[in-house]
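S.K.: So that we are looking at the same thing, I have put the structure below in structure tokens.
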């Protein structure tokens, strides 16, 4: 079962936009760094875990991607 979001909507929208823009530019390491900092405060944001997983795939770090994507179901 997916976890419920407790992040203010404006903050979540802002971080998703930033991460998506960086991801689309191929800045996968920066995406991971910023997303991991965000997730420390808001660990139940499944969309951010998904972005971390995708960025790790972009870097060829499949084990890390798998770990991030498993957080969606924890």
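In this note's numbering, the protein residues as written are 711 to 784.
Glycine included, every Cβ here is placed at the ideal spot set by N, Cα and C.
1) Buried or exposed for residue 727, please, with buried defined as at least 16 other CB atoms from any protein chain shown within 10 angstroms of its CB.
2) In or out: residue 783 buried (at least 16 other Cβ within 10 Å) or exposed?
3) What are the start and end residues of the alpha helix (DSSP H) that includes residue 747?
4) Would you mind sorting residue 763 into buried or exposed? The rule is 16 or more other CB atoms within 10 Å of its CB.
5) In terms of residues, what are the limits of the alpha helix (DSSP H) holding residue 734?
6) Just to confirm the assignment, what range does the alpha helix (DSSP H) spanning residue 781 have?
M.R.: According to the structure data:
1) exposed
2) exposed
3) 738 to 751
4) buried
5) 719 to 734
6) Unbroken run through residue 781: none, as it is neither H nor E.
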